[in-house]
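K.L.:
The structure is given below, and queries will be raised subsequently.
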Amino acid sequence: MAETTEDIQIEKGFAATAETPGEKVAHRISVVANPLFVALPLFLVVALHTAPDLLHALGWWLIIAVGITGAPFFFIRMGVKRGKYTDDHVSNRAQRFVPLSFGLICMLLVFVLLFFLAVPRLLLATVVAALATLAFAIVITQFGKFKISLHMAGSAGAVTICILLFGPWLFVLAPLVILIGWARWKVRAHTVLQACAGTVLAALVTIAVLWLFGVL
Numbered sequence: 001m002a003e004t005t006e007d008i009q010i011e012k013g014f015a016a017t018a019e020t021p022g023e024k025v026a027h028r029i030s031v032v033a034n035p036l037f038v039a040l041p042l043f044l045v046v047a048l049h050t051a052p053d054l055l056h057a058l059g060w061w062l063i064i065a066v067g068i069t070g071a072p073f074f075f076i077r078m079g080v081k082r083g084k085y086t087d088d089h090v091s092n093r094a095q096r097f098v099p100l101s102f103g104l105i106c107m108l109l110v111f112v113l114l115f116f117l118a119v120p121r122l123l124l125a126t127v128v129a130a131l132a133t134l135a136f137a138i139v140i141t142q143f144g145k146f147k148i149s150l151h152m153a154g155s156a157g158a159v160t161i162c163i164l165l166f167g168p169w170l171f172v173l174a175p176l177v178i179l180i181g182w183a184r185w186k187v188r189a190h191t192v193l194q195a196c197a198g199t200v201l202a203a204l205v206t207i208a209v210l211w212l213f214g215v216l
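Here is the structure:
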């Protein structure tokens with residue numbers, strides 16, 4: 001698939017050395033807020049919240065950490081080293097289909113394994129929410145040719161889960177989502193519309209999945 005002008009500009013903007021303090025901060029936020037990394041504390045919290053004991057929680061979390069974070073991260077890293085992808089965030093939309101599809105397959109495998117381990121419905125629903133959000137993002141990115149923000153989807157989905165599980169007081173985390181959105185815009189990885197789209201998609205899909213699972 002040919003690169004669009006926007007993809008090329010975003011790729012160059014992200015790859016360029018930060019020139020201002022704001023750009024340096026935004027770049028670091030982008031690295032820390034990688035959705036693969038955001039998944040780690042989120043699923044640990046959900047596992048601890050749902051497991052009968054610490055051992056079960058850590059065991060389930062380890063499966064998720066390897067399947068949802070570890071395998072996709074190293075797949076992308078190998079692609080970057082081989083020159084297939086521009087960076088760890090796969091900033092070029094035209095390059096996203098394969099790594100995102102690989103991540104989706106990994107999520108499906110994690111879901112199947114957790115299903116057969118009979119983990120609590122809430123933990124399973126959280127995995128499905130992430131899986132469904134990624135599936136929609138792939139369709140939008142590949143066929144809609146719209147580079148929806150996965151950073152925003154990851155952070156917004158995580159905050160939505162926390163609010164649904166522990167109460168509306170966790171709306172205090174909302175500024176973090178806004179901060180991540182600013183960072184992605186600042187490094188020219190996404191437009192404001194792409195960032196907002198990722199946020200809305202994740203929130204709606206997460207609420208819908210948890211409702212369908214009957215855990216709300």
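Going by UniProt numbering, the sequence shown opens with residue 1, and the numbers climb by one from there. We put the beta carbon where it would ideally sit given N, CA and C, even for glycine.
Taking a contact to mean a Cβ-Cβ separation below 9 Å, would you say Val98 touches Phe111 in this structure?
P.N.:
Here residue 98 refers to the residue found at position 98 of the sequence shown. Here residue 111 refers to the residue found at position 111 of the sequence shown. It is not a contact, given that the beta carbons lie outside the stated cut-off.
K.L.:
Quick check on the burial criterion: 16 or more other C-beta atoms within 10 angstroms. Buried or exposed for Lys145?
P.N.:
Within the sequence shown, numbered from 1, the residue matching residue 145 stands at position 145. By the neighbour-count rule (16 or more Cβ atoms within 10 Å), Lys145 is not buried but exposed.
K.L.:
Kindly indicate which three-state DSSP category Leu117 falls into: helix, strand or coil?
P.N.:
Your numbering for residue 117 matches position 117 in the sequence shown. Here Leu117 sits in coil by DSSP.
K.L.:
Taking Cβ to Cβ, would you say Lys186 is nearer than 9 Å to Gly70?
P.N.:
Indexing the sequence shown from 1 puts residue 186 at position 186. Indexing the sequence shown from 1 puts residue 70 at position 70. No, these two residues do not count as a Cβ contact at 9 Å.
K.L.:
Could you name each continuous alpha helix (DSSP H) segment of 4 residues or more that falls completely within the stretch 65 to 129, going from the start of the chain to the end?
P.N.:
Here the runs fully enclosed are 71 to 81, 97 to 116.
K.L.:
Between the stretch 70 to 83 and the stretch 190 to 205, do at least 3 Cβ pairs fall closer than 8 Å?
P.N.:
No, they do not touch.
K.L.:
Please report the straight-line C-alpha distance between Val31 and Leu44, rounded to a whole angstrom.
P.N.:
Residue numbering aside, residue 31 sits at position 31 when the sequence shown is read from its first letter. Residue numbering aside, residue 44 sits at position 44 when the sequence shown is read from its first letter. Their Cα atoms are separated by approximately 20 Å.
K.L.:
Find out if the Cβ-Cβ distance for the pair residue 299, Leu164 is shorter than 9 Å.
P.N.:
With the chain running from 1 to 216 in the structure shown, residue 299 is simply not present.
K.L.:
Please identify the residue among Pro168, Lys147, Ala158 whose C-alpha is closest to the C-alpha of Ala189.
P.N.:
Taking the sequence shown and counting its residues from 1, one reaches residue 189 at position 189. Ranking the options by Cα distance to Ala189, first place goes to Lys147.
K.L.:
In this structure, does DSSP put Leu216 in helix, strand or coil?
P.N.:
Here the question's residue 216 lines up with position 216 in the sequence shown. Looking at Leu216 - three-state DSSP - the assignment turns out to be coil, as it is neither helix nor strand.
K.L.:
Hey, is Phe166's beta-carbon within less than 9 Å of any beta-carbon in chain D?
P.N.:
Of the chains in the structure shown, none is chain D; there is only one protein chain.
K.L.:
So, are the CB atoms of Leu48 and Gly154 less than 9 Å apart?
P.N.:
Position 48 of the sequence shown holds residue 48. Position 154 of the sequence shown holds residue 154. Result no, Cβ atoms of Leu48 and Gly154 do not sit closer than 9 Å.
K.L.:
Measure the beta-carbon distance from Val46 to Ile161 and round it to whole angstroms, keeping in mind my assumption that it falls under 8 Å.
P.N.:
Translated into the one-based positions of the sequence shown, residue 46 becomes position 46. Translated into the one-based positions of the sequence shown, residue 161 becomes position 161. With a Cβ gap of about 7 Å, Val46 and Ile161 count as contacting.
K.L.:
What does the alpha-carbon distance come out to for the pair Gln95 and Pro120?
P.N.:
Residue mapping note: residue 95 aligns to position 95 of the sequence shown, counting from 1. Residue mapping note: residue 120 aligns to position 120 of the sequence shown, counting from 1. Approximately 36 Å between the Cα atoms of the pair.
K.L.:
Excluding the five sequence neighbours on either side, which residues of its own chain have a C-beta within less than 7 Å of the C-beta of Leu40, listed in chain order?
P.N.:
On the sequence shown, position 40 is the one that residue 40 refers to. Contacts found: Ala65, Thr69.
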